[in-house]
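Worksheet: one structure, shown below.
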Amino acid sequence: MKTFHGGVHPHGHKDATAEKPIVTLAPPKELIFPLSQHIGAPAVPCVQAGDAVLMGQKIAEAGGFVSATLHSSVSGTVKGIEKRMHPNGTLTDCIIIENDGLDTPIPEVSLPERDFRKLSPKECIDLVQEAGIVGMGGAGFPTHVKLSPPPEATIDYVIVNGAECEPYLTSDYRVMLENSQELLTGLAIMMHIFDLSVGYIAIEDNKPKAIEAMKKAAAEFSGAEIRIVPLKTKYPQGSEKQLINAVTGRKLKPGALPWQAGCIVSNIDTVASIARAVVKHQPVIRRIVTLGGDAMKNPLNYSVRIGTPFSYIVEQSGGFAQPPKKFLMGGPMMGLALSSLDVPTIKSSSAILALSESSAKFEEESPCVRCAKCLYVCPMNLQPNLLDKAARNNDFEALEKLHISDCIECGSCAYICPAKRRQVQQIRVVKGKLRNAKAKGN
Amino acid sequence: MEEKWIVSHPPHVATKDNLSRIMLHVVIALLPAVLAGCLVFGLRALIVTLTCVISCVVFEALWQKLLKKPVTVSDLSAVVTGILLACNLPVSIPLWMAVIGSFFAIIVVKQFFGGLGHNFMNPALGARAFLLASWALAMTSFPAPGTSLPLFGSVDAVSAATPLALYAENAEQLPTYLNLFLGNIGGCIGETSALAILIGGIYLLITKVIRLRVPVCFLATVALGTWIFGGHEGWFTGDWLYQLLSGGLMLGAFFMATDYTTTPFTPKGQIYFGIGCGIITVLIRLWGGYPEGTSYAILLMNIVTPLIDKATAPRRYGTKFGKEVA
Chain A
10 MKTFHGGVHP HGHKDATAEK PIVTLAPPKE LIFPLSQHIG APAVPCVQAG
60 DAVLMGQKIA EAGGFVSATL HSSVSGTVKG IEKRMHPNGT LTDCIIIEND
110 GLDTPIPEVS LPERDFRKLS PKECIDLVQE AGIVGMGGAG FPTHVKLSPP
160 PEATIDYVIV NGAECEPYLT SDYRVMLENS QELLTGLAIM MHIFDLSVGY
210 IAIEDNKPKA IEAMKKAAAE FSGAEIRIVP LKTKYPQGSE KQLINAVTGR
260 KLKPGALPWQ AGCIVSNIDT VASIARAVVK HQPVIRRIVT LGGDAMKNPL
310 NYSVRIGTPF SYIVEQSGGF AQPPKKFLMG GPMMGLALSS LDVPTIKSSS
360 AILALSESSA KFEEESPCVR CAKCLYVCPM NLQPNLLDKA ARNNDFEALE
410 KLHISDCIEC GSCAYICPAK RRQVQQIRVV KGKLRNAKAK GN
Chain B
1181 MEEKWIVSHP PHVATKDNLS RIMLHVVIAL LPAVLAGCLV FGLRALIVTL
1231 TCVISCVVFE ALWQKLLKKP VTVSDLSAVV TGILLACNLP VSIPLWMAVI
1281 GSFFAIIVVK QFFGGLGHNF MNPALGARAF LLASWALAMT SFPAPGTSLP
1331 LFGSVDAVSA ATPLALYAEN AEQLPTYLNL FLGNIGGCIG ETSALAILIG
1381 GIYLLITKVI RLRVPVCFLA TVALGTWIFG GHEGWFTGDW LYQLLSGGLM
1431 LGAFFMATDY TTTPFTPKGQ IYFGIGCGII TVLIRLWGGY PEGTSYAILL
1481 MNIVTPLIDK ATAPRRYGTK FGKEVA
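So the protein lines, in turn, are chains A and B.
Note that the first sequence covers residues 10 to 451 in my numbering.
Note that the second sequence covers residues 1181 to 1506 in my numbering.
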C-alpha cells in the first residue's frame, strides 16, 4: 500500500457522519461574505448597499492575480459592507446580504452545458477564476493560480486529493459517493488543461466504499483514463508533499511547489466546483460541511451556502448534546479554534466541530525526556524536539539551522508526544515572530 | 453563549500515551527480572529492590518539596530508577548502601542536573559506578544462587565467582548455557536471568516503548567482538553465546542502553550508540581490569550522546546526501 514516511494514526471518529447523506441546508435571512476567504489579496466589492443581487451574481472582483472573486449565494439585497468577525478571529470587511428567500438565479445557469473539450486550456482557467474557486480543503489557495504554473513547467500528474486524513471529516467522502460524476468531470477538465491522458484520485484505504464507487464510476467514465490510487490510512496523508510522494514517488525539494515536481494536487470539493463552473456556469456559492464532535447533537454532512453563520448551522442541526468547550473550523489536527460561532461559512470551511470539556482538555506539559517519537513521526524529517526548545528560547539562528521553514505544521509531533509538549504550537508562534523580525529587518 | 471557550493552536487532539504510562510499562517489563532475582537469591532480593524503590521515590519527593517544585513522583520515573538500581546490585549488599546509592542516583545524577529529562547519564548506572568505587568489596561479592541469606541483616556468605570472572580465568568448570539463560548463576539481582530480561524486553518492544535498534546493535557487536577476540585458543574461537548470556549485558542492552534521556534520539545515532556500547563492553571484558564492562560502556556512551545526536541529525525531507532532488 502506497504511503509516505512518518505520520501518526489519530482516532478517525468518522463513523458518526460517514454514512449520512449530504443534507441541503436552507440559507438564513442574513449572509456574510468576508472579502478575504483565500490566500492572497482581498477581493474588491463591486456592489453597494441597497443593490439587488441574484443567486450566483458576482459581488466582489479579485484584488489581483493571487486573489479570488466572490459571488452571492442567495438572491436579495446588499445591506452594506461592514466589519464582521472572520473565522480566523479577526474583524474583516464583509459584504452583508439580506436573503429574499426566492433564490432567483443568474440567467447564465439556464444556458446549455458547455463542452469543456471545445474550450482552450486558457478559457477553462479563466472560467475557474471567474467562478471564484479556491482550495476548499482548508488552505484556500486560488485554484486558477494553481492551474497556471510557469510556462517552463511540465505537468505529468494531476491528482485529486481524496485522502481526507483529518479525523471527523467526511465531506469529501460523501462527495465521492454522491457526486462522482462531477468529480470525474472536474478531473477531466484539469487533465484537458494540462493535455494529460491519465488522471489520479488518491483515497485512503479506510474508505473502501469510496474507492469502490470511484473505481466503478471511473471505469464507466468516457473520454479519460482515471486511476484510483488507494493509500494507507495515516495522517497527514492528505498533505500535498506527502500525497505527491505516496502517489508518484517524487519528493519535493525544500520550499518547492508541486508543479516543480510536475504535479498538480487539488481537493475533492474544489475539483467538483471546477466541473460546476466550467460545464454548468455555476460559481462557488455552496460547499459541503461536516458537523461533528462529541458535543454536537446531530453530527451530519450539510451542503451549506457560503456566508451562512456557523451559529445558524449548529442551531438548524439541533444544537448540542452536551456543553461545548471548544469549537473548530476544520479537523482537529490542523483546524482553527473559533472564539465565536457568529462567523460565516467561507469557501475553505470543511467542518464545524464542537468538542466537550473532556475532549477539549489537554494534559499539562512535562519536560521532554528525549523519547524521539516526534522525530519518528515527523513527515518532513525535522527534529521537533529541538525546534520546540529553540522556539521557546526565541533562538532564531538555531530555528533556521533546524529548517523551521520546512515544517508543514501537521501537528504529528504534538499529537504523539508522551510528555504532552506543544512542539507545533510553539513552532506556529515563533514562525510569526520570525516573519515580524524579517519584516522589521527589511 | 456567555461561556468562555478554549481557543488554542492546533492540534486539538493528542494520543492517550503519557510519561507515567510509559514508565509503568518499564516497571512491568522489569518485574520478570526482579522475580527471577527472588527465585535465584531468595526474598532478600525483594527487600533490596523495595529499599531502592522507596528511597528513590522519597528522595525525589523530598528534594522537590525542599525546592518548592511540584512533586512529580507520580510519573513513576523514580520507581523505574529504583528497580533498575536494585537490579544492578548484589543481593548481599548492606541495605544502607542501597539507600546511599538511591540518593546518588536521584539527587546527584538526576536532580542536580535539572530532574527528569535533563540528566546526562543513566541514574541507576551512575549510582552503581559510585557504589563500586566506594565499596568495591560489597559491590563485587556475589553469593552463589540458593545461598540462604538473612532478609535485613548483614551478609557474611562466601561469594561465588561470576560466570564472566570464571571465563576470564579460563576455568575448568563453566556454568551451562541453560543455567546462564535461566539465571541460576552468581551476579546482580536483576541481571542473571537472560530469559526474564528477554521477556521484559519483548514486552517493551511490543508496547513500542523501545525500538530494536539499540539492543540489536549492542548485542551483535558484543557477540561479534567476543567471537573474534574472546577465545582462549586464538582468533574466532570465542564463546560469544556465553558472553551474551553473562553479566549485565542483557539488562543493559534492553533496559539501560534504551533509556530515552541519556541515549541518542536520532535513529542513526541509536545505531552508533549500540555499536559503541558493544565495542567498549568487549574492550573492558577482554582486556580491561574488570571482568564486566556493560555499565561503564553505557555510561561512557551516555557522555558522547549529545555529540552523536549532533552528528546524525536526520536529513531533511526532499534532500539526498545534502543535495536537493526533484
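The beta carbon of each residue, even a glycine, is placed where N, CA and C say it ideally should be.
| query | Are three or more beta carbon pairs between the region 106-121 of chain A and the region 28-44 of chain A nearer than 8 Å? | reply | yes
| task | Pull up the DSSP beta-bridge partners for residue 305/A, would you. | result | The residue labelled residue 305/A in the question sits at position 296 within the first sequence. Answer is 329/A, bridged to residue 305/A.
| said: Please identify the residue among 85/A, 83/A, 84/A and 100/A whose C-alpha is closest to the C-alpha of residue 91/A. | reply: Numbered from its first residue, the first sequence carries residue 91/A at position 82. Residue 100/A holds the alpha-carbon nearest to the alpha-carbon of residue 91/A among 85/A, 83/A, 84/A and 100/A.
| query | Since residue 89/A sits in a beta bridge, which residues does DSSP pair it with? | reply | The residue you call residue 89/A lines up with position 80 of the first sequence. For residue 89/A, which the question treats as bridged, DSSP gives the partners 105/A.
| Which listed residue (1305/B, 1246/B, 1229/B and 1278/B) has its alpha carbon closest to that of residue 1432/B | By 1-based counting over the second sequence, the position of residue 1432/B is 252. When only C-alpha atoms are compared, the closest one is 1305/B.
| field | Interface residues of chain B facing residue 344/A [CB-CB closer than 9 Å] | value | As a first step, residue 344/A must be located in the first sequence, where it is residue number 335. Those are 1190, 1191 and 1192, listed as they occur along chain B.
| How about residue 310/A and residue 29/A: are their beta carbons less than 8 Å apart? | As a position in the first sequence, residue 310/A is number 301, starting the count at 1. As a position in the first sequence, residue 29/A is number 20, starting the count at 1. Cβ atoms of residue 310/A and residue 29/A: closer than 8 Å.
| request: At 9 Å on the CB atoms, spell out the chain A contacts of residue 1491/B, in chain order. | output: Counting from 1 along the second sequence, the entry for residue 1491/B is found at position 311. None at all; the shortest Cβ gap to chain A is about 13 Å.
| Can you tell me whether DSSP reads residue 414/A as helix, strand or coil? | Within the first sequence, residue 414/A is the residue found at index 405, counting from 1. DSSP places residue 414/A in helix when its eight states are reduced to three.
| In chain order, what residues of the region 411-428 of chain A put their CB closer than 7 Å to some CB of chain E? | Checking the listed chains, one finds no chain E in this structure; the protein chains it contains are A and B.
| task | Have a look at residue 270/A and residue 262/A and give me their C-alpha separation to the nearest angstrom. | result | In the first sequence, the residue the question calls residue 270/A occupies position 261. In the first sequence, the residue the question calls residue 262/A occupies position 253. Taking the straight line joining both Cα atoms gives about 8 Å.
| query | Listed from N- to C-terminal order along the chain, which residues in the region 1473-1498 of chain B have their beta-carbon within a distance smaller than 7 Å of any beta-carbon of chain A? | reply | Residues passing the 7 Å Cβ filter: 1493, 1494, 1495, 1496, 1497 and 1498.
| query | When the distance is taken between beta carbons, is residue 1203/B closer than 8 Å to residue 1257/B? | reply | One-based indexing of the second sequence puts residue 1257/B at position 77. One-based indexing of the second sequence puts residue 1203/B at position 23. Contact flag set, yes.
| Presumed contact (8 Å Cβ cut-off) between residue 1448/B and residue 1492/B, rounded CB distance | By 1-based counting over the second sequence, the position of residue 1448/B is 268. By 1-based counting over the second sequence, the position of residue 1492/B is 312. About 4 Å; that satisfies the 8 Å criterion.
| query | Which residues mark the beginning and the end of the beta strand (DSSP E) in which residue 236/A is found? | reply | The residue labelled residue 236/A in the question sits at position 227 within the first sequence. Where residue 236/A is concerned, the enclosing beta strand (DSSP E) stretches over 234-240.
| query | Measuring CB to CB, does residue 413/A end up less than 8 Å from residue 396/A? | reply | Here residue 413/A is taken as the residue at index 404 of the first sequence, counted from 1. Here residue 396/A is taken as the residue at index 387 of the first sequence, counted from 1. A contact, by the Cβ cut-off of 8 Å.
| query | Roughly how many angstroms separate the alpha carbons of residue 1472/B and residue 1465/B, rounded to a whole number? | reply | Along the second sequence, one-based indexing puts residue 1472/B at 292. Along the second sequence, one-based indexing puts residue 1465/B at 285. Here the alpha carbon of residue 1472/B sits roughly 5 Å from the alpha carbon of residue 1465/B.
| request: Taking residue 1295/B as the query, report the chain A residues whose CB atoms sit under 8 Å from its CB, ordered along the chain. | output: Translated into positions along the second sequence, residue 1295/B becomes position 115. Residues of chain A passing the Cβ test: 376.
| Contact the region 237-245 of chain A vs the region 208-227 of chain A: 3+ CB pairs below 8 Å | yes
| Ends of the alpha helix (DSSP H) at residue 1404/B? | Position 224 of the second sequence, counting from 1, holds the residue named residue 1404/B. Unbroken alpha helix (DSSP H) run through residue 1404/B: 1393-1409.
| Who are residue 346/A's beta bridge partners in DSSP? | Position 337 of the first sequence, counted from the first residue, corresponds to residue 346/A. Note: residue 346/A sits in a beta bridge opposite 337/A.
| said: Counting only beta-carbon separations shorter than 8 Å, does residue 1441/B have a partner in chain A? | reply: Counted from its first residue, the second sequence places residue 1441/B at position 261. True, the Cβ-Cβ gap to chain A drops below 8 Å.
| field | residue 431/A, DSSP secondary structure in three states | value | Taking the first sequence and counting its residues from 1, the one referred to as residue 431/A is at position 422. Coil, per DSSP.
| task | Could you check what DSSP says for residue 100/A in three-state terms: helix, strand or coil? | result | Within the first sequence, residue 100/A is the residue found at index 91, counting from 1. DSSP places residue 100/A in strand when its eight states are reduced to three.
| Would you call the CB atoms of residue 1308/B and residue 1426/B closer than 8 Å? | For the purposes of this step, residue 1308/B is identified with residue 128 of the second sequence, where counting begins at 1. For the purposes of this step, residue 1426/B is identified with residue 246 of the second sequence, where counting begins at 1. No, the pair does not count as a contact, with Cβ atoms beyond the cut-off.
| request: Return yes when the Cβ of residue 407/A is within less than 8 Å of the Cβ of residue 439/A, no when it is not. | output: Walking along the first sequence from the start, residue 439/A turns up at place 430. Walking along the first sequence from the start, residue 407/A turns up at place 398. Against a cut-off of 8 Å, the Cβ pair of residue 407/A and residue 439/A comes out as no contact.
| message | Does chain A have any CB closer than 8 Å to the CB of residue 1199/B? | response | Indexing the second sequence from 1 puts residue 1199/B at position 19. Residue-level contact by beta carbon holds for residue 1199/B and chain A, with a gap shorter than 8 Å.
| request: Name, please, each residue of chain B whose Cβ falls closer than 8 Å to the Cβ of residue 249/A. | output: If you number the first sequence from 1, residue 249/A lands on position 240. Residues of chain B whose Cβ lies closer than 8 Å to the Cβ of residue 249/A do not exist, since the nearest Cβ in that chain is about 12 Å away.
| request: Would you please verify whether the beta carbon of residue 266/A is less than 8 Å from any beta carbon of chain B? | output: On the first sequence, residue 266/A is found 257 positions in, with the first residue counted as 1. So, not an interface residue.
| Going by C-alpha distance, which of 212/A, 213/A, 157/A and 227/A is nearest residue 191/A? | As a first step, residue 191/A must be located in the first sequence, where it is residue number 182. 227/A is the residue among 212/A, 213/A, 157/A and 227/A whose C-alpha sits nearest the C-alpha of residue 191/A.
| field | Distance, residue 1326/B Cα to residue 424/A Cα | value | For the purposes of this step, residue 424/A is taken as the residue at position 415 of the first sequence. For the purposes of this step, residue 1326/B is taken as the residue at position 146 of the second sequence. Linking residue 424/A to residue 1326/B through their CA atoms gives a straight-line distance of about 49 Å.
| query | Per DSSP, residue 166/A is paired with what? | reply | For the purposes of this step, residue 166/A is taken as the residue at position 157 of the first sequence. 272/A, per the DSSP bridge assignment.
| task | Would you check if the region 354-374 of chain A and the region 306-325 of chain A touch, i.e. whether three or more CB-CB distances between them fall below 8 Å? | result | yes
| Proximal residues to residue 1445/B (C-beta, below 7 Å), its chain only, five neighbours per side dropped | Taking the second sequence and counting its residues from 1, the one referred to as residue 1445/B is at position 265. 1489, listed in sequence order.
| Contact set for residue 1385/B: own chain, Cβ-Cβ below 7 Å, skip 5 residues either direction | In the second sequence, counting from the first residue as 1, residue 1385/B sits at position 205. For residue 1385/B, where only same-chain residues beyond five positions count, the Cβ hits under 7 Å are 1392.
| query | Going by alpha carbons, who is nearest to residue 1194/B out of 372/A, 231/A, 377/A and 405/A? | reply | Here residue 1194/B refers to the residue found at position 14 when the second sequence is read from its first residue. Closest by alpha carbon: 372/A.
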